[in-house]
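Residue numbers (our numbering): 16 to 668.
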């Protein structure tokens, strides 16, 4: 049984031309973008292959290739918590409690009340949608809604947010926890301007709404200690995800159990404090890159950051090098036309500075920053000036003191040499330029120094300390990510070749197989796409992206039984992704289960009321079931949303 969709509705300004009266199969592919990893990627046509390819022959035993998989005992008792540390280090603990890092994450009920909420609620509008923030005692409710020209409500979706993310010094965003599967709210508080607005990244894609998944890398850098499930790479956590909220003592000093046991023992003698005997990491006693890595585990972003084979975001321990867990690919700091450094990580900027290059590797984050104490605003100029003078006392500022003390500089070294700019990747905030420039660049300097188009390299030459097969794997995954970001045909072809070459060494690599399946999906090579996605699922039957894309490809190619199994398996691990219900409903409708299909469609619309093609499909299903009233309701809502979003789009003359 095939249900025809008579709706000619499509999302405003969509690049995809809807076919006249498409079948449910065709319409449902439009419900969610084919191979959802790729967002708005332009589909590229490549030659089709008649038979699915056989996995490449192994050139080496993958057992010899794979790095040892770490034991995933997330409940091991090696962590004792910062409260235990505070028993012996009360002064440091008291000072650190005021540090922004100690306040990176909190339940909404416990977060410091910095947000502006006028009375019980406040509202703002963006991209044709309205947003409301409400306080209800200790609870905070975020709502997206839309009204028509007469002020009548078109739709409304409210979610209670569970966690406040960020100290609030610059901004604060919010997370929703569905039993260990977490999502970001589209609403963020921006402290500098004192406003509510869309969260970072949402202005370019407001349709993400409440559907942006919180991944392992986000949790690893914004919490003290979390409890992932599985191997720590699936973005799934225990129902109560955190045992420690803010960045904790043990994130920089390592697990404290053995250290605490030693100093609680009856036979411990005072003065027995050699580094080897302390059984804890003191970053100031680490050498070179091991010391840097304590900070770089979170503050070294790079252009691409690729987990090493067999590693997870949660495996890093102080005393390791970041390259033990990640390979970071970087490109030189780029400079905009107004002389601002385009925002890369502060680490990349610092390491490009003359100060760092002239320090023989001795300069690091803690040269300027106290990891335990954050100076108060009125103390910052003097605090950082003292840090600068620890190296520059013999060659201080050349300006007369009277001139230096004039506003806005107020004798602040950082004001001139680490100026703040609006080039942060977070809207409404500024970031300090960590290149530590002697003088602000002129436009001529900008033209000479701009590094646009320079290819990335592997940070700190860590590829020289990796097996060649893993270097190849890392570059293939980074190239794949860049091809996705840039929607570039040339990079797409290169990425496919690189992924295939890397898979020759280990055809059982889930990340490589899944990525290659996605690229064959977007290039319309259906047979190879299905082959590689199925290869990934053979190794990891719960791999979310592979399940999702396999279901989409099965729907695209008419293999409805396969598609139904994939979507059902996907919903076992993630039932909160609104985009999955459209294609799932299409499969049910095309196999004769109209009642089930309409229930699934309604479920998807509850999670995301703005799915236009799914709403049109729901109207079609109700009409087929003889419920003309509900069919009309959905069509009217669809028309109102389309008109409102179209009217809200900026008009081009």
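In this text, a Cβ means the ideal position worked out from N, Cα and C, and glycines have one as well.
Item: Same chain, Cβ closer than 6 Å to residue 366, five either side skipped, listed in chain order; Value: none
Item: Segments of 3+ residues assigned as beta strand (DSSP E) that fall wholly inside the segment 139-178; Value: 144-151, 154-162 and 168-176
Item: Short Cβ contact (8 Å threshold) for residue 178 with residue 230; Value: no
Item: Residue span of the beta strand (DSSP E) that contains residue 542, given as start and end; Value: Here residue 542 belongs to no beta strand (DSSP E); instead the alpha helix (DSSP H) covers 541-554.
Item: One or two residues paired with residue 319 in a DSSP bridge; Value: 344
Item: Residue 204 - containing beta strand (DSSP E), residue span; Value: 202-205
Item: Whether residue 298 touches residue 333 by CB criterion (8 Å); Value: yes
Item: Continuous beta strand (DSSP E) stretch holding residue 240: start and end; Value: 240-243
Item: Nearest neighbour of residue 524, chosen from 274, 108 and 323 [CA to CA]; Value: 323
Item: N- and C-terminal bounds of the beta strand (DSSP E) containing residue 188; Value: 186-193
Item: Boundaries of the beta strand (DSSP E) in which residue 371 is found, first to last residue; Value: Residue 371 -> not in any beta strand (DSSP E); alpha helix (DSSP H) instead, spanning 369-372.
Item: Segment limits, alpha helix (DSSP H) that includes residue 258; Value: That residue, residue 258, is in no alpha helix (DSSP H); its beta strand (DSSP E) goes 252-259.
Item: For residue 307, the three-state DSSP class (helix, strand or coil); Value: helix
Item: Same chain only: Cβ atoms within 8 Å of residue 427, ignoring 5 sequence neighbours per side; Value: 395, 396, 399 and 400
Item: The alpha helix (DSSP H) enclosing residue 598, as first and last residue numbers; Value: 596-605
Item: Terminal residues of the alpha helix (DSSP H) in which residue 130 lies; Value: Element bounds for residue 130: n/a, residue is neither H nor E.
Item: Bridge partner(s) assigned by DSSP for residue 473; Value: 344
Item: CB-CB length for residue 623 against residue 372, believed under 8 Å; Value: No, residue 623 and residue 372 are not in contact; Cβ-Cβ is about 50 Å, not under 8 Å.
Item: Local conformation of residue 275 per DSSP, three classes; Value: helix
Item: Buried or exposed by the 16-neighbour rule on C-beta atoms within 10 Å, applied to residue 699; Value: With the chain covering 16 to 668 only, the question about residue 699 has no answer from this structure.
Item: Element boundaries [beta strand (DSSP E), containing residue 486]; Value: Where residue 486 is concerned, there is no enclosing beta strand (DSSP E), although the alpha helix (DSSP H) it sits in stretches over 483-501.
Item: Between the CA atoms of residue 314 and residue 320 - distance to the nearest angstrom; Value: 12 Å
Item: Nearest to residue 522 (by Cα), restricted to the options 548, 499, 536 and 500; Value: 548
Item: Residue 317 to residue 472 span [Cα, whole Å]; Value: 10 Å
Item: Where residue 213 sits in the DSSP three-state scheme; Value: strand
Item: Where residue 505 sits in the DSSP three-state scheme; Value: helix
Item: Nearest residue (CA-CA) to residue 553, options 594, 528, 571 and 533; Value: 528
Item: Residue from 94, 165 and 561 whose Cα sits closest to the Cα of residue 242; Value: 94
Item: Beta-carbon gap between residue 502 and residue 532 smaller than 8 Å; Value: no
Item: Coarse secondary structure for residue 198, derived from DSSP in three states; Value: strand
Item: Span of the beta strand (DSSP E), counted from its first residue to its last, around residue 122; Value: 120-122
Item: Rounded C-alpha distance that separates residue 107 from residue 255; Value: 28 Å
Item: Inter-residue Cα distance where the pair is residue 571 and residue 176; Value: 36 Å
Item: Nonlocal neighbours in the same chain, by C-beta distance under 6 Å from residue 147, ignoring five residues either side; Value: 136, 138 and 158
Item: DSSP beta-bridge partners of residue 335; Value: 333
Item: Beta-carbon proximity list for residue 295, same chain, < 7 Å, skipping 5 on both sides; Value: 268, 269, 271 and 274
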